[in-house]
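Visitor: Following this message is one structure expressed as structure tokens.
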Amino acid sequence: MNAWRLRALLNRAMPHAKLITRWGEKGSYRYIPVIYVEWYGTAYTSCIDHVKYEAVKPNHDRRLIILTFALCGAVAGILLAAITAYFVRRHALSRDKVQDIAQPDTEASQDYQDLCRQRMAAKANEKPEPAHTTHSPKKIRSLSQEGPASTSSHSSTSSWNEEPVTSNMDISTGHMILSYMEDHLKNKNRLDREWEALCAYEAELCSTLAATQPQNVKKNRYTDVVPYDHSRVVLNELSNVSGSDYINSSSITDHDPRNPAYIATQGPLPQTAADFWQMVWEQGSVVIVMLSRLMENGVAMCHRYWPEEGSEVYHIYEVHLVSEHIWCDDYLVRSFYLKNLRTSETRTVTQFHFMSWPDNGVPNSTKALLEFRRKVNKSYRGRSCPIVVHCSDGIGRTGTYCLIDMVLNRMAKGTKEIDIAATLEHVRDQRAGMVKTKAQFEFVLMAIAEEVHAILKALSQ
Numbered sequence: 007m008n009a010w011r012l013r014a015l016l017n018r019a020m021p022h023a024k025l026i027t028r029w030g031e032k033g034s035y036r037y038i039p040v041i042y043v044e045w046y047g048t049a050y051t052s053c054i055d056h057v058k059y060e061a062v063k064p065n066h067d068r069r070l071i072i073l074t075f076a077l078c079g080a081v082a083g084i085l086l087a088a089i090t091a092y093f094v095r096r097h098a099l100s101r102d103k104v105q106d107i108a109q110p111d112t113e114a115s116q117d118y119q120d121l122c123r124q125r126m127a128a129k130a131n132e133k134p135e136p137a138h139t140t141h142s143p144k145k146i147r148s149l150s151q152e153g154p155a156s157t158s159s160h161s162s163t164s165s166w167n168e169e170p171v172t173s174n175m176d177i178s179t180g181h182m183i184l185s186y187m188e189d190h191l192k193n194k195n196r197l198d199r200e201w202e203a204l205c206a207y208e209a210e211l212c213s214t215l216a217a218t219q220p221q222n223v224k225k226n227r228y229t230d231v232v233p234y235d236h237s238r239v240v241l242n243e244l245s246n247v248s249g250s251d252y253i254n255s256s257s258i259t260d261h262d263p264r265n266p267a268y269i270a271t272q273g274p275l276p277q278t279a280a281d282f283w284q285m286v287w288e289q290g291s292v293v294i295v296m297l298s299r300l301m302e303n304g305v306a307m308c309h310r311y312w313p314e315e316g317s318e319v320y321h322i323y324e325v326h327l328v329s330e331h332i333w334c335d336d337y338l339v340r341s342f343y344l345k346n347l348r349t350s351e352t353r354t355v356t357q358f359h360f361m362s363w364p365d366n367g368v369p370n371s372t373k374a375l376l377e378f379r380r381k382v383n384k385s386y387r388g389r390s391c392p393i394v395v396h397c398s399d400g401i402g403r404t405g406t407y408c409l410i411d412m413v414l415n416r417m418a419k420g421t422k423e424i425d426i427a428a429t430l431e432h433v434r435d436q437r438a439g440m441v442k443t444k445a446q447f448e449f450v451l452m453a454i455a456e457e458v459h460a461i462l463k464a465l466s467q
């Protein structure tokens, strides 16, 4: 008889009995049910034979274990799915940040090869566009460096088409800023005092430990021009040709510290050309502004980090020269097709090369540089990646250009108060020595005054 059934019968037959169920041992069975019956103080014991505990007692422990493992597995699966989704989204966002990237793998590789073939085939019969001032393609090398000229099949000349002046600045603000600039330029004593104050200004004590490491010293063109640790561009050492994360470059921000507006860097050396292209690729940059020639007065200013013809490989980056246009005597524009050989991803990079700016000096006029800047910004418009700007040391001409562009961009967005000295201090906090001479600082004021005058003229029409 089942123990539980016996207990029910005893309850009905002996309502005043106290029934206690225990589990005991008997014979070959490990556990058998035992019922103790207490009837008015007298105890009776009943053992139910031939009943195995395993057949009667529910197996709650096993079910609990199975349920626990099932819940743990479900939680682990949810966590794994969430982590996977996070990294997939992060990867997608990082890819969206980089502009002009074609489809990877075979499609990108095929597009790249087709474009190169088309350019090489078309240039043989290409006629230069009509120009107000014509230049022979043979002049390109002599324009960019001192040395014998060479012919480039990718070269062409273009007419001088001035970019229209655009700005959100109102007329009253423009006149106020123009008056302020003209007062600075006319009052030489005021300009001298302001420059002296800028020279006396010292940025907060910042470390340059990375630049002074023995393995990195040879990567600096000048030993006294090095980036701060807090603002230096950090390379992916796993993708670097020498396994290093160092390059003599600084991120320069304006109002948003999370999104640099510029990367100020030195002219690449022969041993840092691959690092330069790695930086361009990893930072998502599509515009390079070069402000020096390769050679000036017999001194090397910058290594040629691009091919004169066809393509050249710099570690894992292949650079193909697509076109080279001389816009005027002051600057030319080169278009490159940049390919990551590991991922087969490709990108178009445009280099704007201004050639009439001497080292430690200023251009002959502001007009050519302002027109140059407009063309740069027209190519860059709508991008969220930093513009790579370099000269030889990455502080003199580079700092001057960045300061002009930063101030004019603020004005174009409607800023009514402009403090050029404070803006320069802000830039120097990120890279020491930006704008090296008083003549360069004065040129900044002249360029801004000239651009404001052009804006006011355009607004009045």
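For the sequence shown, the working numbering assigns the number 7 to the initial residue and increments by one for each residue that follows.
For glycine and all other residues, C-beta sits at the position ideal for the given N, C-alpha and C.
(1) With contact counted as at least three CB pairs below 8 Å, one residue from each stretch, are the segment 347-367 and the segment 319-328 in contact?
(2) Which same chain residues end up closer than 6 Å to Val-458 when comparing Cβ atoms and leaving out the 5 residues on each side of it in sequence?
(3) Can you check whether the CB of Asp-336 is closer than 8 Å to the CB of Met-307?
(4) Determine contact between the segment 441-451 and the segment 215-225, defined as no fewer than three beta-carbon pairs at a distance below 8 Å.
(5) For Ile-183, which of helix, strand or coil comes out of DSSP?
(6) To the nearest angstrom, report how far apart Ala-270 and Arg-95 are at their CA atoms.
(7) Along the beta strand (DSSP E) that carries Ile-410, what are the first and last residues, could you check?
(8) Can you name the residues that DSSP bridges to Asn-346?
(9) Quick check on the DSSP output: the alpha helix (DSSP H) that includes Ala-206 runs from which residue to which?
(10) Give the straight-line distance between the Cα atoms of Glu-302 and Ile-454, rounded to the nearest whole angstrom.
(11) On the criterion of 16 or more Cβ atoms from any shown chain inside 10 Å, does His-236 qualify as buried, or is it exposed?
(12) Spell out a yes or no on whether the segment 376-389 and the segment 228-245 are touching, meaning 3 or more CB-CB pairs, one atom from each, closer than 8 Å.
(13) Hey, out of Asp-365, Glu-288, Gly-439, Leu-297, whose CA is closest to Leu-244's CA?
(14) Do you know offhand how far Tyr-228's Cα is from Ala-88's?
(15) Just confirm the distance between the C-beta atoms of Leu-204 and Leu-430, as a whole number of angstroms; I'd bet it's less than 8 Å.
(16) Among Gly-83, Ile-401, Val-441, whose alpha-carbon lies nearest the alpha-carbon of Ser-255?
(17) Starting from the Cα of Tyr-252, find the closest Cα among Ala-427, Asp-260, Arg-238 and give me that residue.
(18) Would DSSP call Lys-63 helix, strand or coil?
(19) In terms of residue numbering, what span does the beta strand (DSSP E) encompassing His-396 cover?
(20) Just how far apart, CA to CA, sit Val-292 and Val-286?
(21) List the endpoints of the continuous alpha helix (DSSP H) containing Tyr-386.
(22) Is His-138 helix, strand or coil when you go by DSSP?
(23) Within this structure, are the beta carbons of Ser-257 and Ser-398 separated by less than 8 Å?
Guide: Once the coordinates are examined:
(1) Yes, the segment 347-367 is in contact with the segment 319-328.
(2) Position 452 of the sequence shown, counting from 1, holds the residue named residue 458. Around Val-458, the same chain offers Gly-180, Ile-183, Leu-184 as residues with beta carbons nearer than 6 Å, after the five sequence neighbours per side are excluded.
(3) Along the sequence shown, read from residue 1 onward, the residue named residue 307 stands at position 301. Along the sequence shown, read from residue 1 onward, the residue named residue 336 stands at position 330. Cβ distance not < 8 Å, so Met-307 and Asp-336 don't count as in contact.
(4) Touching, no.
(5) Position 177 of the sequence shown holds residue 183. Note: Ile-183 maps to helix in three-state DSSP.
(6) Within the sequence shown, residue 270 is the residue found at index 264, counting from 1. Within the sequence shown, residue 95 is the residue found at index 89, counting from 1. Computed Cα separation, rounded: 31 Å.
(7) Sequence index remark: in the sequence shown, residue 410 carries index 404 (1-based). Not the beta strand (DSSP E): Ile-410 falls in the alpha helix (DSSP H), residues 402-418.
(8) Taking the first residue of the sequence shown as 1, we reach residue 346 at position 340. According to DSSP, which records beta bridges pairwise, Asn-346 is partnered with Tyr-323.
(9) By one-based count along the sequence shown, residue 206 stands at place 200. Counting along the chain, the alpha helix (DSSP H) containing Ala-206 begins and ends at 194-206.
(10) Position 296 of the sequence shown, counting from 1, holds the residue named residue 302. Position 448 of the sequence shown, counting from 1, holds the residue named residue 454. Distance between the alpha carbons of Glu-302 and Ile-454 is about 27 Å.
(11) As a working mapping, residue 236 is identified with position 230 in the sequence shown. It counts as exposed.
(12) Too few Cβ pairs lie closer than 8 Å, so no.
(13) Taking the sequence shown and counting its residues from 1, the one referred to as residue 244 is at position 238. Measuring from the Cα of Leu-244, the nearest candidate turns out to be Glu-288.
(14) For the purposes of this step, residue 228 is identified with residue 222 of the sequence shown, where counting begins at 1. For the purposes of this step, residue 88 is identified with residue 82 of the sequence shown, where counting begins at 1. About 49 Å.
(15) On the sequence shown, residue 204 is found 198 positions in, with the first residue counted as 1. On the sequence shown, residue 430 is found 424 positions in, with the first residue counted as 1. Yes, Leu-204 and Leu-430 are in contact; Cβ-Cβ is about 6 Å, under 8 Å.
(16) Taking the sequence shown and counting its residues from 1, the one referred to as residue 255 is at position 249. Nearest to Ser-255 by C-alpha distance, out of Gly-83, Ile-401, Val-441, is Ile-401.
(17) Start at 1 with the first residue of the sequence shown, and residue 252 comes out as number 246. For the residues Ala-427, Asp-260, Arg-238, the minimum Cα distance to Tyr-252 belongs to Arg-238.
(18) Reading the sequence shown from its first residue, position 57 is the one you call residue 63. Legend: pLDDT at Lys-63 = 46, less than 50; position of this residue unreliable, no value from coordinates given.
(19) Within the sequence shown, numbered from 1, the residue matching residue 396 stands at position 390. Its beta strand (DSSP E) spans residues 393-396.
(20) Counting from one through the sequence shown, the residue named residue 292 turns up at place 286. Counting from one through the sequence shown, the residue named residue 286 turns up at place 280. Cα to Cα, the separation comes out at about 8 Å.
(21) By one-based count along the sequence shown, residue 386 stands at place 380. First-last of the alpha helix (DSSP H) with Tyr-386: 372-386.
(22) Residue mapping note: residue 138 aligns to position 132 of the sequence shown, counting from 1. For His-138, the predicted structure reports a pLDDT of 39, less than 50, and the residue's modelled location is therefore unreliable. A value from the coordinates is still provided. Three-state result, His-138: coil.
(23) Here residue 257 is taken as the residue at index 251 of the sequence shown, counted from 1. Here residue 398 is taken as the residue at index 392 of the sequence shown, counted from 1. No, they are not a contact pair.
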